[in-house]
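Scroll down for the structure; my scribbles are underneath it.
2 protein chains.
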Amino acid sequence: MTEERKISMNVIRRLPRYYRYLGELLQKGVTKISSRELSEKMNVTASQIRQDLNNFGGFGQQGYGYNVEYLHTEIGKILGLHQNYKMIIVGVGNLGQAIANSTSFSKRGFKLIGLFDVNPRLIGMSIHGVEVQDIDKMEQFVKENEVEIAILTMPKTRVKETAESLAKWGIKGLWNFSPVDLFVPDTVQVENVHLSHSLMTLAYKINEAEVEREKKDKSESIGQIEE
Amino acid sequence: MTEERKISMNVIRRLPRYYRYLGELLQKGVTKISSRELSEKMNVTASQIRQDLNNFGGFGQQGYGYNVEYLHTEIGKILGLHQNYKMIIVGVGNLGQAIANSTSFSKRGFKLIGLFDVNPRLIGMSIHGVEVQDIDKMEQFVKENEVEIAILTMPKTRVKETAESLAKWGIKGLWNFSPVDLFVPDTVQVENVHLSHSLMTLAYKINEAEVEREKKDKSESIGQIEE
DNA sequence: TAGATTGTTAATCGATTAACAATC
DNA sequence: TAGATTGTTAATCGATTAACAATC
């Protein structure tokens with residue numbers, strides 16, 4: 001009956017950026033913005049902004065533009081930021097600690113309620129009032145507290161089995177920082193942060209730019225113009 | 228004269244994943260693999276693998292497949308992993324320390340040679356033999372050592388000006404962890420890691436899956452089948 | 001009302017998949 | 001040689017951009 005319209009991940013991954021820019025405008029006291037103005041700030045096309053937004057309904061007003069606060073709120077709702085998420089961190093090494101210490105996530109409704117590790121030297125330590133527990137306690141904790149998101153910042157050797165256990169215990173999302181691809185039941189959503197991939201991509205860009213520059217220099221010195 | 232073929236970022240961003248899988252195969256002692264076998268392991272189409280690789284030339288052999296070691300090396304070269312990169316970290320907070328402590332990058336030729344911060348309590352501290360210096364020393368250091376990559380793990384308030392300075396001092400790439408978009412000259416390549424975007428995307432996926440499940444339950448309970 | 005800007009359709013462009021001839 | 005699998009062209013699919021009628 002209702003139109004089935006699967007929204008592409010390309011669109012979804014642009015939403016947080018819109019959300020961020022709108023939040024900044026809001027803080028500056030800007031109340032309205034047109035797709036053209038926003039497109040210039042964000043270095044995208046106005047058409048894309050309008051297309052993206054209209055996947056979710058009409059948030060603007062012809063002849064006027066978009067109300068910044070309203071649009072910001074609505075995008076937040078689409079992303080699911082109107083609700084809270086209970087999170088745990090599995091693996092309290094440097095990266096786990098870094099995330100635990102960040103306050104910006106909790107502001108957006110992502111609440112850190114548990115920390116787990118195997119290392120006895122870390123167990124008992126507290127970060128922002130959350131104590132590191134032995135990983136043996138994780139099953140009970142996840143079930144009792146209905147934890148939604150697990151942040152995987154542990155050595156990659158144990159990630160696969162941990163992810164499988166967490167899936168069994170009812171976790172909804174895994175934020176995976178290990179260089180591993182997780183194949184879990186579709187009751188569990190996975191979002192990967194592959195830092196090494198990102199760094200390799202930067203290396204590519206650097207080399208590519210170098211090659212382009214050399215090519216340009218060469219054609220200029222020869223006096224050729226290639227399109 | 229030579230064919231101009233700009234390779235899309237979609238393709239590039241898949242290369243590190245191929246590289247990782249090939250590395251794992253190599254470690255397992257696998258010497259050859261076909262695009263079909265690899266596609267099954269990686270959950271992509273064989274066609275895509277062959278198309279991706281053939282952007283850079285033919286690495287395989289008809290009737291045989293691909294030599295794992297050779298393909299691994301070649302993808303490494305495409306990504307620019309055959310050379311070393313001198314890196315510094317700007318902002319030695321939790322995240323900066325986490326990256327500094329990670330040994331996996333240096334194995335791939337990304338060498339951390341400098342750490343900078345404004346915090347006097349951090350200055351003088353050492354991580355893996357690299358001492359944290361006052362940020363005042365950064366200009367001289369970058370120029371003298373011909374630093375290629377700066378890792379920006381500092382508060383977002385100072386990122387913009389820092390990026391501009393680094394660009395002026397000849398940096399080639401910025402690995403930006405701040406929730407900020409950097410607009411720098413095209414002599415500098417930027418790769419962003421927006422952790423908050425990633426987490427919001429996970430929130431979306433979780434909600435989306437929830438909605439899908441409810442929809443399915445409903446149509447099943449009513450006995451309707453919708454395609 | 002006239003001007004502005006959305007929402008939306010149509011056109012273009014690019015990316016992915018399918019198919020198959022080339023060839024090892 | 002026969003079988004397998006690549007490299008590559010063609011077909012399909014999806015995403016982006018352009019255009020413009022609807023409308024505030």
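Here the protein sequences line up with chains X and S, keeping their order.
Using the working numbering, count along the first sequence one by one with no gaps and you end on 227.
Using the working numbering, count along the second sequence one by one with no gaps and you end on 454.
Don't be surprised by glycine CBs; every beta carbon is placed ideally from N, CA and C.
What you are looking at is a predicted structure, and each value in this text was computed from that prediction instead of being measured.
Discussion item. Measuring only the C-alpha atoms, how far is Glu-459(S) from Lys-107(X)?
Written reply: No information on residue 459(S) is available, as it lies outside the stretch 228 to 454 that chain S covers here.
Worksheet item: Near Gln-416(S), what residues of its chain come up, given a Cβ to Cβ distance below 6 Å and the 5 sequence neighbours on each side ignored?
Response: The residue labelled residue 416(S) in the question sits at position 189 within the second sequence. Gly-400, listed in sequence order.
Worksheet item: Since Asn-282(S) contacts Val-238(S) with CB under 8 Å, what's their CB separation in whole angstroms?
Response: Within the second sequence, residue 282(S) is the residue found at index 55, counting from 1. Within the second sequence, residue 238(S) is the residue found at index 11, counting from 1. The pair is a contact, with the Cβ atoms about 6 Å apart (cut-off 8 Å).
Worksheet item: Where Gly-292(S) and Arg-240(S) are concerned, what is the direct C-alpha to C-alpha distance, given to the nearest angstrom?
Response: Indexing the second sequence from 1 puts residue 292(S) at position 65. Indexing the second sequence from 1 puts residue 240(S) at position 13. C-alpha of Gly-292(S) to C-alpha of Arg-240(S): approximately 23 Å in a straight line.
Worksheet entry | Residue of Ala-273(S), Ala-390(S), Ser-425(S), Asn-294(S) minimising C-alpha distance to Val-317(S) | By one-based count along the second sequence, residue 317(S) stands at place 90. The candidate whose alpha carbon is nearest that of Val-317(S) is Ala-390(S).
Item to complete: Would you mind sorting Lys-364(S) into buried or exposed? The rule is 16 or more other CB atoms within 10 Å of its CB.
Response: On the second sequence, position 137 is the one that residue 364(S) refers to. It is exposed - the Cβ of Lys-364(S) has fewer than 16 other Cβ atoms within 10 Å.
Discussion item. Give me, in chain order, the residues of the same chain whose beta-carbon lies closer than 8 Å to that of Lys-442(S); leave out the 5 immediate sequence neighbours on both sides.
Written reply: For the purposes of this step, residue 442(S) is identified with residue 215 of the second sequence, where counting begins at 1. No residues qualify anywhere along the chain.
Worksheet entry | Identity of the residue in Leu-199(X), Gly-58(X), Met-9(X), Ile-49(X) nearest Tyr-21(X) by Cα | Against the first sequence, residue 21(X) aligns to sequence position 21. Ranking Leu-199(X), Gly-58(X), Met-9(X), Ile-49(X) by Cα distance to Tyr-21(X) puts Ile-49(X) first.
Worksheet item: In its own chain, which residues sit with a C-beta less than 7 Å from the C-beta of Gly-336(S), not counting the 5 before and 5 after it?
Response: Looking up residue 336(S) in the second sequence gives position 109. So the list reads Leu-308, Gln-310, Asn-311, Tyr-312, once near-sequence residues are dropped.
Item to complete: Could I get the ranges of all uninterrupted alpha helix (DSSP H) runs contained in the region 56-108 of chain X, with 4 residues as the minimum, in chain order?
Response: Positions of the alpha helix (DSSP H) runs, each at least 4 residues long and wholly inside the region 56-108 of chain X, are given as 68-79, 94-101, 104-107 in order along the chain.
Discussion item. Residues of chain S with CB closer than 7 Å to the CB of Pro-179(X), please, in chain order.
Written reply: Your numbering for residue 179(X) matches position 179 in the first sequence. Neighbours of Pro-179(X) on chain S, chain order: Arg-247.
Discussion item. At 3 residues or longer, what runs of the beta strand (DSSP E) sit wholly inside the region 145-173 of chain X?
Written reply: You should have 149-152.
Fill in: Chain-ordered neighbours of Gly-80(X) on chain S, where CB pairs are closer than 7 Å
Taking the first sequence and counting its residues from 1, the one referred to as residue 80(X) is at position 80. In chain order: Ala-430, Tyr-431, Ile-433, Asn-434.
Item to complete: Anything in the region 313-332 of chain S with a Cβ closer than 7 Å to a Cβ of chain X? List those residues in chain order, please.
Response: For the region 313-332 of chain S, which is checked against every Cβ of chain X, the residues closer than 7 Å are Asn-321, Leu-322, Gln-324, Ala-325, Asn-328, Ser-331, Phe-332.
Item to complete: Using a Cβ cut-off of 7 Å, pull out every chain S residue sitting near Ile-12(X), in sequence order please.
Response: Here the question's residue 12(X) lines up with position 12 in the first sequence. The answer, in chain order, is Thr-428, Tyr-431.
Worksheet item: Asp-279(S) lies in the alpha helix (DSSP H); which residues open and close that run?
Response: Locating residue 279(S) in the second sequence gives position 52, where the first residue counts as 1. Annotation for Asp-279(S): the continuous alpha helix (DSSP H) segment containing it runs 273-281.
Worksheet entry | Thr-229(S) burial status per 10 Å Cβ neighbour count (16 or more: buried) | Position 2 of the second sequence, counted from the first residue, corresponds to residue 229(S). Residue placement at Thr-229(S) cannot be trusted, given a pLDDT of 40 that sits under 50; the coordinates are not used to answer.
Worksheet item: Which partner residues of Glu-191(X) appear in the DSSP bridge assignment?
Response: By 1-based counting over the first sequence, the position of residue 191(X) is 191. DSSP, once it has assigned bridges, lists Trp-175(X) as partnering Glu-191(X).
Worksheet item: When the cut-off is 8 Å and only beta carbons count, does Ile-376(S) lie next to chain X?
Response: In the second sequence, counting from the first residue as 1, residue 376(S) sits at position 149. Chain X contact via Cβ: present.
Discussion item. For a quick check, are the C-beta atoms of Leu-379(S) and Gln-360(S) less than 8 Å apart?
Written reply: The sequence position of residue 379(S) within the second sequence is 152, counting from 1. The sequence position of residue 360(S) within the second sequence is 133, counting from 1. No, the Cβ-Cβ distance between Leu-379(S) and Gln-360(S) is not below 8 Å.
Worksheet entry | Three-way DSSP call (helix, strand, coil) for Val-11(X) in this model | Indexing the first sequence from 1 puts residue 11(X) at position 11. In the three-state reduction of the DSSP assignment, Val-11(X) falls in the helix class, which pools H, G and I.
Discussion item. Below 7 Å on C-beta distance, what does Phe-110(X) contact in chain S?
Written reply: The sequence position of residue 110(X) within the first sequence is 110, counting from 1. Ordered by position in chain S, the residues that pass the 7 Å Cβ test against Phe-110(X) are Leu-426.
Item to complete: Could you check the C-alpha separation between Ile-302(S) and Gly-351(S) for me, to the nearest Å?
Response: Here residue 302(S) refers to the residue found at position 75 when the second sequence is read from its first residue. Here residue 351(S) refers to the residue found at position 124 when the second sequence is read from its first residue. Going by the C-alpha atoms only, they are around 39 Å apart.
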